[in-house]
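Have a look at the structure below before the remarks.
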Amino acid sequence: MIIDDVMTDKITLHGLGFVQVQLQGNQRLHVWHPELPRRACFEHSAIHNHRFDFESRVLVGTQINILFADFPAASACFVKETHELYLHEGARTARGGRPWMPNGRVDMRELYSHAVSAGSTYCMKAYDFHRTEPDGDGKVATILKKGWEGTRGAQSSCVIGVEPDTDFDRFQWSPARLWEVVSDVLLGQKVTP
3 MIIDDVMTDK
13 ITLHGLGFVQ
23 VQLQGNQRLH
33 VWHPELPRRA
43 CFEHSAIHNH
53 RFDFESRVLV
63 GTQINILFAD
73 FPAASACFVK
83 ETHELYLHEG
93 ARTARGGRPW
103 MPNGRVDMRE
113 LYSHAVSAGS
123 TYCMKAYDFH
133 RTEPDGDGKV
143 ATILKKGWEG
153 TRGAQSSCVI
163 GVEPDTDFDR
173 FQWSPARLWE
183 VVSDVLLGQK
193 VTP
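Mind the numbering: the sequence shown is residues 3 to 195 in our numbering, read in order.
Here is the structure:
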């Protein structure tokens with residue numbers, strides 16, 4: 003069940019290693035920086051989907067977008083279970099995330115990846131799996147514009163046998179510290195308040 007408790011904090015940390023800034027018009031600024039904390043299980047749980055279509059315009063740096071196909075056991079393409087799916091539905095926790103509810107196992111396979119440089123845009127359809135990685139120095143900024151929104155929750159995947167980090171704290175860094183990261187990436191230098 004989707005509970006529409008949209009993140010109301012203007013700026014927060016995301017478990018996938020970026021700062022998220024809520025903007026008007028169904029937009030979000032996402033800023034990656036190599037010093038940002040990520041979920042403890044990040045390397046095994048970065049493949050995810052969204053419950054909405056979106057287009058993402060890269061403002062700074064180069065973003066690598068990697069698309070995946072998830073094959074359930076009933077699929078003719080299924081070979082073996084590789085990932086556990088987790089559904090993110092329900093009220094947000096005190097740490098800002100949504101619950102991780104086991105939602106089946108699949109054979110997750112990489113389809114292709116592409117580099118998206120500053121000034122270019124990439125698009126994703128709701129419920130298609132992908133992961134993103136900042137290229138180069140690890141500093142990337144994008145503007146994400148949400149489109150059509152589905153009624154089922156989004157999902158993350160985690161390699162079978164790895165416990166997902168369900169306790170990641172989106173509020174572990176202060177807003178002032180997060181704005182420093184945004185300034186560093188967008189302006190190319192740290193700004194002292």
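Every residue gets a Cβ at the ideal spot worked out from N, C-alpha and C, and that includes glycine.
Out of the options, which one is the CA nearest neighbour of residue i?
i	options	result
Gln29	Glu37, His50 and Ser58	Ser58
Gly190	Gln174, Val62 and Glu91	Val62
Pro166	Val23, Thr153 and His90	His90
Cys43	Ser176, Phe170 and Pro177	Phe170
Leu25	Gly19, Ile13 and Gly17	Ile13
Leu18	Glu37, Trp181 and Asp130	Glu37
Phe131	Arg53, Val21, Ala178 and Lys148	Arg53
State the start and end residues of the unbroken alpha helix (DSSP H) segment that holds residue i.
i	result
Val183	Pro177 to Leu189
His46	Phe44 to Ser47
Need the endpoints of the beta strand (DSSP E) that residue i sits in, please.
i	result
Arg59	Phe54 to Val62
Lys147	Val142 to Glu151
His16	Ile13 to His16
Arg30	Gln29 to Trp34
Val21	Phe20 to Leu25
Gln157	Ala156 to Val161
Report the CB separation of residue i from residue j in whole angstroms; it is logged as a contact under 8 Å.
i	j	result
Trp181	Leu15	Not confirmed; about 12 Å, so no contact.
I want to know whether the region 117-129 touches the region 83-93 - three or more CB-CB distances under 8 Å. no
Okay, do the region 20-37 and the region 140-155 touch, 3+ Cβ pairs below 8 Å being the bar? yes
Is the region 41-51 touching the region 160-176, taking contact as three or more C-beta pairs under 8 Å? Between the region 41-51 and the region 160-176 there are three or more C-beta pairs closer than 8 Å, enough to call the two in contact.
Every unbroken beta strand (DSSP E) within the region 71-138, with a cutoff of 3 residues, ordered by chain: Fully contained in the region 71-138 are the following beta strand (DSSP E) runs of length 3 or more, in chain order: 85-90, 103-119, 123-126 and 131-136.
Any contact of the region 62-72 with the region 109-119, i.e. 3+ C-beta pairs under 8 Å? yes
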